[in-house]
Structure formats: structure tokens, C-alpha cells
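*Asks:*
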Amino acid sequence: MAIRKIRIDEDPVLRKKAREIRNVDDSIKKLIDDMIETMYDAPGVGLAAPQVGISKRLVIVDVGDGQGLQVFINPRIVKTEGPIEEGCEGCLSVPGIYGDVKRAFKVTVKALNRKGKGITLEATGFRARAIQHEIDHLEGILFIDIATNLHKMDNKEKDEPPEDLFQDNLNSLIEDIKQKRFKHLESTDTVKS
Ligand code: NI
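Quick note: the sequence shown uses this note's numbering, first residue 13, plus one each step.
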């Protein structure tokens, strides 16, 4: 395993439509392992192959919700359900920038797993958001293209390593998104009753 360089900002690979993976061979398995190590090292909650300079249809997600890591090869969202919800997003390829993006609350995804076997998975909430964000990367779409309220999250002590701060920010963002979801569910319940 090796940590790969994360491509940022204007790197053209981030804007290309990624290619289907025809064969889940050893080079793809190596790429998956490297992406996993790179994502956890960053740290991030998802990573798409173009973000490490490989224009292929492969994404990984682990949002720390206890469901663990998921690998999606040639993923396709075949169904979206539930309300469209707005939530705050950031991206390892657009460092320091955050914004609000509208996403479906629930998605059904068809893909191949790392053994090349066809899988169908459902995801909700923040995991569904992360999957939609990562699949956008395969189309050359960055969250800043579709976000509102884009803003910088400043790291005031620029000389200090930002890792802890980033993790705190990430945790509070996740918390914020969860609370918004609960609020939404409560208000839905109220309407129903
Ligand atoms: Ni991203």
C-alpha cells in the first residue's frame, strides 16, 4: 500500500469523464488499497480514483457511521428516494472550501465490488451524500459547481499542522448534517401526525 498524491483545484484529471473498468485485475486492487490508505491518511470520508490522478470509475466511502468501508467499481445510482436535503460538503481536491449541496436522502447503487462481483447497495443520510459526491467526481463534477454558500474555513494558525482542526471541523460538519436530518425527520413526523 502507498499513499498517492491527491490532485487539487485546477488539475485537468478532475474534470475528465472517467472510464469504465473492464477488468478488476491486480492493478485495480492495488489502486483500491492505495486509495484506502490515502483517504484515511488525508483524512477524508470518500475518495474517487480521479482524485489520485487515475481517470477510472472507482470510488471508496467510509463516513465513520459504523458501516465501514465500501468500494464501488463502475457505480451507477439506479434509484433516488426520500427528500432532497441540503447539507454542508467539502472535498479533499478543493482544500479549505465548504458549501451547501442538495442531495437525495437515499440512493440505491449498482456496482462491482473489489472481487469484480455485481452488488446492489442502499445508503441513506451522510453516506448517501458521500456516495453522490464521489460519483460526481467520475463525471468531472466538483461540489463547488453545484454548491451554494461557498465559504472558506480558515485555519488561523497556519504554521500548525491542521489535522486536528480539520478532524474537529469534519466532526462538527457531520454532526451538523445529522442534526439537520433529525430536524427534518421531526418536522416530517409533525406534519404526518
Ligand atoms: Ni470530493
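Where is the CB? At the ideal position from N, CA and C, for every residue including glycine. These numbers come from a predicted model, not from an experiment.
#1: In the DSSP output, which residue or residues are listed as bridge partners for Cys100?
#2: I need the straight-line Cα distance from Gly76 to Val57, nearest angstrom please.
#3: In or out: Lys195 buried (at least 16 other Cβ within 10 Å) or exposed?
#4: Hey, out of Lys29, Lys28, Ile72, whose CA is closest to Ile40's CA?
#5: So what's Ile85 in DSSP terms, helix, strand or just coil?
#6: Would the C-beta of Cys103 count as close to the ligand ATP, meaning under 7 Å from any of its heavy atoms?
#7: Which residues share a DSSP beta bridge with Glu32?
#8: For the 8 Å Cβ check, are there 3 or more pairs between the region 141 to 149 and the region 100 to 115?
#9: In the structure shown, what three-state DSSP assignment does Leu154 receive?
#10: Hey, would you say Val36 sits closer than 8 Å to Gly130, going by beta carbons?
*Replies:* According to the structure shown:
#1: Working through the sequence shown from its first residue, we reach residue 100 at position 88. Partner(s): Asp112.
#2: Position 64 of the sequence shown holds residue 76. Position 45 of the sequence shown holds residue 57. So the two alpha carbons sit approximately 7 Å from each other.
#3: Within the sequence shown, the letter at position 183 stands for residue 195. Note that Lys195 scores a pLDDT of 44, beneath 50, so its modelled location is shaky and nothing firm can be said.
#4: Here residue 40 corresponds to residue number 28 of the sequence shown, with the count starting at 1. The alpha carbon of Ile40 has as its nearest neighbour, out of Lys29, Lys28, Ile72, the alpha carbon of Ile72.
#5: To locate residue 85, count along the sequence shown from 1; it is residue 73. It is a strand residue.
#6: Absent from the structure shown: the ligand ATP. Ligands present: the ligand NI.
#7: Residue 32 sits at position 20 when you count from the first residue of the sequence shown. Partner(s): none; Glu32 has no beta bridge.
#8: Two segments are said to touch when three or more pairs of C-beta atoms, one from each, lie closer than 8 Å; by this definition the region 141 to 149 touches the region 100 to 115.
#9: Your numbering for residue 154 matches position 142 in the sequence shown. Looking at Leu154 - three-state DSSP - the assignment turns out to be coil, as it is neither helix nor strand.
#10: On the sequence shown, residue 36 is found 24 positions in, with the first residue counted as 1. On the sequence shown, residue 130 is found 118 positions in, with the first residue counted as 1. At least 8 Å separates the beta-carbon of Val36 from that of Gly130.
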